[in-house]
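Going down the list, the protein sequences come from chains A and B. Residues in the first sequence are numbered from 1 upward in steps of one, following my numbering. Residues in the second sequence are numbered from 1001 upward in steps of one, following my numbering. Virtual Cβ for every residue (Gly too), placed ideally from N, Cα, C. Scroll down for the structure; my scribbles are underneath it.
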Amino acid sequence: MKRKFTMMALVVSLACFSSVASAFDLGKFLEDRINQETNKDKAAQPAPAQPSATTQSAAAKVPPANQKIDVQQLGFALFGDYSIEEENRIGRQISGNLLGAVPLVRDDTLQRYVNLVGNWVALQSGRKDITWRFGVLDTEDINAFAAPGGYIFVTKGLYRLLNNEAELAGVLGHEIAHVTKKHHLKVLKQSSLIGALGQVASSKAQNSDQLVQNLIGNGAEIMARGLDKNAEYEADRVGMVFAARAGYEPWGLPEVLQDMAALPAKDARTSLLFKTHPLPADRLAMLGESVDGRFDALQGKDVANRFYRIR
Amino acid sequence: MKRTLISAATLLLCVSAAAALAAPGTVLRDEKIYGQPSSSAAVAGSVAKGASVNILAKEGGWLRVTAGKTTGWIRLLSVRAGEGSLGGTGVGDVVGAATTRSDPSRVVAVAGLRGLNDEELKQAKFNAGELAQLDTWVVTVSQAKTFASQASLAAVSVPALPEPKPAKAPSSWESN
């Protein structure tokens, strides 16, 4: 964290000398903003579970000292928001990399089914600018992933744990919530503060895919890094609500969490999941605090009869 | 009459579930146990955070449990499947049994397989072919709506859930 700040201070001082910064004291202004961002960053990442994630990515992205600073790019990192096109490009790159590590299950009926359930749940999210894509990954690992722009993946191992459509809706709801709440984009924005130091910025010559790749790091490592705990808790709350709004019984996601809680602790299929997520017991407890009696009157459906089972 | 039938069926289910599928659970917060799966039912007892219960059956957002001498219904979100300390992932060997209706044999069949790891994700190379495959399964909004109505699923108005009162530092994700 300290190193990151020092680096940012370096950018700011460099930015001061650039011709763009002549109109007003841009350097001072940016310094204030960076201080804000850095402190926010500190507050958002107290999780002792993954202490090295941010610093690692920061260290990996240290650009050569003599590289040019693109003030526009830096400005974006501090104030900007990703457009839907950028969001899509980022999600496409992450997803293409993830699929390089794990292919999709070759079962059209399964994949169409998951897309139908997923789109119906996503329709309740209010985000209409997205083409949602859902895929079941051919691995026995128990996990699910979301990438910006509406890319959602569930592993075959997780799918096997499911007992009805409401549980699938709950899992997909959680992942859809990561997209609508832009959790990954927030993480990327923090690391793009460092990327803006020039590596990403001196880009006219590079193609845009390379640019995006620089932003997301190596391969699909962003998926191995995980998100802030609070982002996971938020996705649980929001995902439950999306599934309930879609007419499903809201208990699908908690039931899947119960199944995960009951798995043997040393099961290799959950090692990445439990590395990147709070433990199921904590997630259930947090949901319990929020839900309390609020869903007592809901009459959702579990839609067990048409749930598509895989061999 | 219908009501009696349903309760009789539920009872039967409970009995068979209790016989075949009783599973250990751990209480996640101080909570009441009710005589029926409803917070307006009579309170049959209470349990403290960390207490062990035996899960007998599940109905909606409720679990039928035995805690000491008390048997009754507790909120699904106030218990986690598995026993042991609250910090652990749980050491269940029956995969939630009563709570999940899972067929344990399915799970046993795949146990021992390895999971994904950081290194393979880091090394992953962009696969355009798989991405194109993904696009072939995209469905339209109207297809999704038709699919929902086929199972009589209709959109329901459900307000957002509040953030739980922060135990320590508040989340910055909301304000961010």
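Practice prompt. Can you give me the Cβ contacts of H184 (chain A) inside the same chain, cut-off strictly under 6 Å, excluding the 5 residues immediately before and after it?
Written response: P148
Worksheet item: How big is the Cα-Cα spacing for G1090 (chain B) and R245 (chain A)?
Response: The predicted position of G1090 (chain B) is uncertain, since its pLDDT is 42 and thus under 50; no value can be drawn from it.
Worksheet entry | C-beta atoms of G252 (chain A) and A1154 (chain B) nearer than 8 Å | no
Discussion item. For the segment 91-104 of chain A, list every residue whose C-beta sits within 8 Å of some C-beta in chain B, in sequence order.
Written reply: R92, Q93, S95, G96, N97, L98, L99, G100, A101, V102, P103, L104
Fill in: Helix, strand or coil at T1071 (chain B) according to DSSP, with G and I counted as helix
strand
Worksheet item: Using DSSP with H/G/I as helix, E/B as strand and the rest coil, what is N97 (chain A)?
Response: helix
Discussion item. I'd like to know whether the C-beta of Q258 (chain A) is nearer than 8 Å to at least one C-beta of chain B.
Written reply: yes
Worksheet item: Around the Cβ of T312 (chain A), are there at least 16 other Cβ atoms within 10 angstroms (buried) or fewer (exposed)?
Response: What is shown of chain A runs 1 to 311, which leaves residue 312 (chain A) out entirely.
Worksheet item: Touch check for the segment 209-227 of chain A and the segment 95-107 of chain A: three-plus C-beta pairs under 8 Å?
Response: yes
Fill in: Under 9 Å from the C-beta of V241 (chain A): neighbouring residues of chain B
V1158, P1159, A1160, L1161
Worksheet item: If we ignore side chains and look at the alpha-carbon of each, how far apart do A1048 (chain B) and T139 (chain A) end up?
Response: 39 Å
Item to complete: Using 10 angstroms around the beta-carbon of P1037 (chain B), count the other beta-carbons present and answer buried if the total reaches 16, otherwise exposed.
Response: buried
Fill in: Proximal residues of chain B, C-beta to C-beta of S271 (chain A) below 7 Å
G1115
Fill in: Best match in A:G118, A:A146, A:V136, A:P264 for proximity to E87 (chain A) [C-alpha to C-alpha]
A:A146
Practice prompt. With a threshold of 16 other CB atoms inside 10 Å of the CB of P1159 (chain B), please say whether the residue is buried or exposed.
Written response: exposed
Practice prompt. Check the Cβ-Cβ distances between S1052 (chain B) and every residue of chain A, and say whether any is below 8 Å.
Written response: no
Fill in: Whole runs of the alpha helix (DSSP H) within the segment 114-163 of chain A, excluding any shorter than 4 residues
156-161
Worksheet item: Along chain B, in chain order, which residues have C-beta atoms closer than 7 Å to that of E249 (chain A)?
Response: G1060
Discussion item. If the criterion is Cβ atoms closer than 8 Å, does the pair I1033 (chain B) and W1073 (chain B) meet it?
Written reply: yes
Practice prompt. Determine the closest residue to I312 (chain A) out of A:A166, A:N164, A:I130, A:L162, with distance taken between C-alpha atoms.
Written response: Outside the shown range of chain A (1 to 311) lies residue 312 (chain A), about which nothing can therefore be said.
Worksheet item: Does DSSP put I310 (chain A) in a helix, a strand or coil?
Response: coil
Worksheet entry | Sheet register partners of Y82 (chain A) (DSSP bridge) | According to DSSP, which records beta bridges pairwise, Y82 (chain A) is partnered with nothing at all.
Discussion item. I'd like to know if V1141 (chain B) contacts chain A, where contact means its C-beta is closer than 8 Å to some C-beta of that chain.
Written reply: yes
Worksheet entry | Residue(s) in a DSSP beta bridge with P1024 (chain B) | B:N1054
Discussion item. So the candidates are A:E165, A:R92, A:T180, A:Y308; which of them puts its Cα closest to the Cα of A122 (chain A)?
Written reply: A:T180
Practice prompt. Tell me whether P373 (chain A) is buried or exposed, calling it buried when 16 or more other Cβ atoms sit within 10 Å of its Cβ.
Written response: The shown model of chain A, from 1 to 311, leaves out residue 373 (chain A), and the question about it has no answer.
Fill in: Any C-beta of chain A under 8 Å from that of S1046 (chain B)
no
Discussion item. List, in chain order, every chain B residue whose beta-carbon is nearer than 8 Å to that of G126 (chain A).
Written reply: Going along chain B, no residue has its Cβ under 8 Å from G126 (chain A), so there is no contact; the nearest lies around 11 Å.
Item to complete: Could you tell me if Q258 (chain A) is buried or exposed, where buried requires 16 or more neighbouring beta carbons within 10 angstroms of its beta carbon?
Response: buried
Fill in: Cβ pair Q336 (chain A), W1137 (chain B) closer than 8 Å
A query on residue 336 (chain A) cannot be resolved here, the shown segment of chain A reaching from 1 to 311 and no further.
Discussion item. So if DSSP puts I1033 (chain B) in a beta bridge, which residue, or which two residues, is it bridged to?
Written reply: B:G1045
Worksheet entry | Reduced DSSP secondary structure (H/G/I, E/B, other) of A1154 (chain B) | coil
Worksheet entry | Buried versus exposed, by CB contacts within 10 Å (16 or more), P1024 (chain B) | buried
Worksheet item: Quick one: does F307 (chain A) have its CB under 8 Å from some CB of chain B?
Response: no
Discussion item. Just to confirm the assignment: which complete alpha helix (DSSP H) runs, minimum length 4, are found wholly within the segment 254-295 of chain A?
Written reply: 271-276, 280-291
Practice prompt. Could you work out which residues of chain A lie near K1125 (chain B), taking near to mean beta carbons separated by less than 8 Å?
Written response: N97, G100, G219
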